[in-house]
Structure formats: structure tokens, C-alpha cells
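Take the sequence shown: its position 260, counting from 1, is numbered 260 in UniProt numbering, and each next residue is one higher.
Even for Gly, the Cβ is constructed at its ideal location relative to N, Cα and C.
The model shown is predicted, which means the values in this text are computed figures rather than measured ones.
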Amino acid sequence: MKKHNIEINKKWFVLILSVVLTACSTVSKPPVAPRPQPVVLPPKVVPAPVAGLPAPLFIVSKWEMLPDWQALDLAPSHIAFLQSCRVLKSKPHWQEVCVQAEQLGVDDNVALRAFYEEWFTPHQLLNPDGSKQGMITGYYEPLLKGSRFKTPRFQYPLYAAPNDLLTIDLGGVYPQLKDLRLRGRLQGKRIVPYYNRAEIDAGAGAGTFLGNELFWVENEIELFFLQIQGSGRIELPDGQQVKVGYADQNGHPYMSIGKKLVEAGELKLEEASMQGIKAWAEKNPDKINRLLEQNPSYVFLRELPDSLSAPLGALGVPLTNEYSIAVDPRTIPLGAPVFLATTYPNDSAPLNRLMLAQDTGGAIKGAVRADFFWGFGESAGAQAGKMKQQGRLWVLFPKGGEPMLN
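Structure below.
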């Protein structure tokens with residue numbers, strides 16, 4: 001759904017890639033003792049963060065600390081958890097939990113609550129500075145008008161992943177970098193960072209993207225937000241709706257265009273929602289390209305089977321409307337139940353819910369940080385676009401699989 005791999009910035013790309021290329025060189029030269037590479041020691045908190053980032057902190061909590069835990073309807077959460085179990089049941093500490101979960105019905109709330117309390121231990125997640133609150137945003141599955149062919153109405157291409165996009169997995173050589181993926185392309189005999197958004201939109205690569213268009217859509221700002229959401233639907237001229245989802249990403253860091261508009265004095269902070277940015281774009285069509293280019297990240301998509309009930313998240317299972325979240329997997333393990341305590345968008349009404357960490361996102365970085373999946377369509381988009389709440393998170397770890405604590 002969202003971007004599936006943890007990306008690193010250009011500085012790390014150049015540094016790490018130079019090490020990889022040096023190590024992989026086959027040119028015949030006199031043997032030289034390799035320089036010792038710095039070793040990043042694993043932190044005491046699981047999972048390990050990227051080198052240079054302070055470790056998040058889990059603290060053991062109690063069920064009564066979870067707001068409204070005794071009053072929650074756990075049936076929708078459990079249905080989403082069974083989706084997670086399609087992946088988790090093959091992993092240590094999860095097999096028996098998932099076996100027990102599959103034997104439960106979803107119409108007995110007392111039994112469901114007893115199951116979670118018996119098999120899990122809640123751990124509150126803190127930021128590296130010890131604070132308990134973090135940003136909770138929202139995303140959704142949008143609908144765009146489009147065509148399989150370029151027409152005067154449909155001018156903006158939705159690209160599939162290009163053939164020259166390389167993915168370099170460093171985990172086999174450097175275990176401390178197991179969750180990092182480098183993106184690049186060959187330039188002669190060198191691997192260089194892949195094209196950024198401005199270069200792709202300008203037709204970089206001398207025809208690299210010709211013939212790689214999946215669809216053409218009528219609105220470039222809507223296409224941009226489709227990429228940010230990571231999945232959506234394209235309504236063709238005959239009324240047919242086709243599903244698309246995340247395929248790959250160019251490896252450049254995500255930059256918030258809303259933040260850029262606020263810094264430039266184009267919008268007030270409270271106006272920098274998805275709806276506010278779209279309204280600004282309608283009034284400033286000549287400035288859209290320059291704005292979008294300030295986010296060098298670019299997402300490539302793929303056409304999905306009609307049989308899918310919902311978009312696929314990074315975990316590889318369909319998302320559940322209002323019960324799936326995107327998280328930073330360096331902090332929260334994908335598939336795990338996560339109790340969220342926040343409020344509804346632009347409202348003080350509490351939104352306390354057992355969610356499932358089933359997705360990731362380029363903008364979802366940090367410890368107490370999550371993106372709430374609202375579902376498909378305009379009403380979901382209205383909620384997602386204005387959601388920017390403070391919230392707290394508790395990760396439910398299976399007993400025996402708890403993180404090592406400081």
C-alpha cells in the first residue's frame with residue numbers, strides 16, 4: 001500500500017554504495033588489507049533502529065492503562081488480526097497465538113478480550129526523548145478519472161516500475177542494515193542514485209519511461225496524492241474501475257509539500273491539509289510543477305487484480321478500513337496489534353482502538369508515529385486529509401516475544 005522499504009538519503013547512498021562497490025570490485029590489483037568498517041552495535045531495544053538514530057523505548061504496561069479497553073468492540077480488530085496471521089503464523093512466538101486466534105469466533109467480545117489478555121503483553125511506546133505522544137495522520141484509497149491512452153483530457157502518466165531501477169539489499173553483508181534498500185541505476189560502470197521527481201517528470205533517461213505508462217489521468221495534483229496514498233482506483237471512460245497499488249519507489253526521501261507551502265507563506269499551518277493543498281493548486285496551476293518537484297520521492301505503481309477485497313499493505317495482506325495502520329517497521333513489527341489512543345480528525349472526541357500494523361509509508365518515520373487507513377472514497381478522503389492528531393501507542397507483543405528492555 002504504502003512504500004514498502006525503508007529508504008535512506010543520498011548521503012548514505014553514496015557512503016554505503018562506495019563501500020559495496022569497493023568490496024565487489026574484481027579488478028586485478030595487489031592485495032591490500034581492507035580498512036576496518038565501523039560496526040553499528042545493536043541497541044538493547046528490538047527492533048534495531050537505523051545507525052545514527054536514537055533508540056525508541058518500550059515500557060511494560062497494564063491493560064487498564066489502555067483507554068476504553070474494557071468497553072471496546074474487538075470483533076473488527078480481530079478480523080484484521082486474522083489477516084496479519086496469514087504472515088505471522090510462520091514466525092517464532094506467533095504460531096500458537098495465531099492458532100488460538102483462528103479458533104475464536106468474533107461475536108463473543110468477552111472471549112476476544114480474554115484471548116488478548118492471555119496471549120499478549122502491552123508495551124507502551126515512547127519517543128527517544130521519553131515523550132509519549134506522537135503524530136497520527138490518515139490515508140485512504142482515492143478514485144481518479146483516467147484512461148489507458150493519452151488524450152487531450154488525460155495528460156499525466158501513471159508509471160509502472162522502470163526496468164533500469166536497481167534495488168540493492170545490504171542486509172546479507174551488513175546485518176545492521178537489514179531493513180535498508182538502496183535504489184539506483186547504472187551509469188556506465190557506476191551505480192548512481194535513481195532519477196528524482198523533477199527528472200522523471202522532465203522525461204529523464206532518454207526514453208526510459210516511454211511505454212511504461214500504465215494509465216493517464218487528468219489531474220497532476222490528484223496523481224501526486226495517489227502516489228502518496230500508495231494505492232487507489234482509476235475510473236476509465238467506460239465506467240470500469242481498475243485497482244492500482246504500490247510497486248516501487250525511486251529511493252529519494254519524502255518531503256512534505258504542505259510544509260513547503262507553509263514555509264513559503266502560501267498557506268497557514270492549519271490550512272496545510274490535503275484539501276487545503278488541492279484548493280491552493282486549483283488557484284495556482286502555474287506553480288504546481290515547482291511545488292511537486294520539491295518532493296524528490298517518486299512512487300511507481302502496478303495494476304492489481306479485481307479480486308482483491310482491499311489494497312495490499314506492506315505486510316502483503318489486504319488492509320482493513322479503519323483498523324489498519326502504517327508504521328515505521330524499525331520500531332513496530334509489521335503484523336502486530338497496536339492499541340491507538342487519539343481523537344477523531346479536527347475533533348476532541350476520543351478515538352481509542354485496537355489496530356493492526358500492516359503497512360508502511362515514506363513519511364511515516366519515528367517511534368510514536370502512525371498513519372490511519374480510512375478506506376475508499378470521498379468520505380474516507382475527507383477524514384484522511386484533515387487527520388493530524390496527537391496520539392499514544394501500545395504495541396501488543398506475544399508472550400515470550402517481548403522486546404529486550406533497557
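Under the 8 Å Cβ criterion, the stretch 96-105 does not count as touching the stretch 372-380, having fewer than three qualifying pairs. When Cβ pairs closer than 8 Å are counted between the two stretches, the stretch 215-235 is seen not to touch the stretch 117-135, the count staying below three. Straight across, the Cα-Cα distance linking G184 with V299 is about 14 Å.
Distance between S324 and M355, taken at the CA atoms: about 6 Å. The C-beta separation of A80 from T320 comes to about 4 Å, placing the pair in contact by the 8 Å criterion. The C-beta distance from F215 to I228 rounds to 17 Å, too long to fall under 8 Å, and the pair is not in contact. Non-local beta-carbon contacts of D68 in its own chain, meaning distances under 6 Å to residues more than five positions away in sequence, involve N352 in chain order. With a cutoff of 7 Å on beta-carbon distance, G258 and I288 are scored as not near each other. Contact check between the stretch 83-91 and the stretch 333-349: three or more CB pairs, one atom from each, fall below 8 Å, which counts as touching.
Checking the DSSP bridge columns, you'll see Y159 partnered with E213. One alpha carbon belongs to H123, the other to P157, and they sit about 44 Å apart.
Taking the Cβ atoms as the reference, P142 lies roughly 4 Å from G232, within the contact range of under 8 Å. A direct Cα-to-Cα measurement between N346 and M274 gives close to 14 Å. Counting along the chain, the unbroken alpha helix (DSSP H) around F81 starts and ends at 75-88. DSSP, reduced to helix, strand and coil, places V242 within a strand of the structure shown. Its chain contains V60, F397, K399, E402 as the residues whose beta carbon lies nearer than 7 Å to that of T121, once the 5 sequence neighbours on both sides are disregarded; these appear in chain order.
With respect to D328, K365 sits close: the two C-beta atoms are nearer than 7 Å. N352: not part of any alpha helix (DSSP H); member of the beta strand (DSSP E) spanning 350-359, first to last residue. Cβ-Cβ distances below 7 Å link P237 to S147 in the same chain, with the five nearest sequence neighbours on each side left out; the list follows chain order.
The beta carbons of G138 and D371 sit about 7 Å from each other, so the pair counts as a contact at 8 Å. Boundaries of the alpha helix (DSSP H) around S379: 378-386. Residue range 197-201 is occupied by the alpha helix (DSSP H) that includes R197. Considering only E303, F209, P253, the residue with the shortest C-alpha distance to V242 is E303.
A straight-line Cα-Cα distance of about 35 Å links A204 and R369. A straight-line Cα-Cα distance of about 15 Å links T151 and L144.
Comparing alpha carbon positions, the residue from V173, Y159, R190 closest to L166 is R190.
Between the alpha carbons of R290 and D359 lies a distance of about 30 Å. Note that the C-beta distance between P318 and H252 is not below 7 Å. Taken through DSSP and simplified to helix, strand or coil, G188 comes out as coil. When DSSP states are grouped into helix, strand and coil, D286 belongs to the helix group. A distance below 7 Å separates the beta carbons of L74 and L112. Separation of R392 and E322 (C-alpha to C-alpha, rounded to the nearest whole angstrom) is 17 Å.
Annotation for A384: G138, Y139, Y140, W374 place their beta carbon closer than 6 Å to its own, counting only its chain and skipping 5 residues before and after. G232 has V244 as its beta-bridge partners, per DSSP.
Note that the C-beta distance between L182 and I168 is below 7 Å. For Y139, the enclosing beta strand (DSSP E) begins and ends at 134-141.
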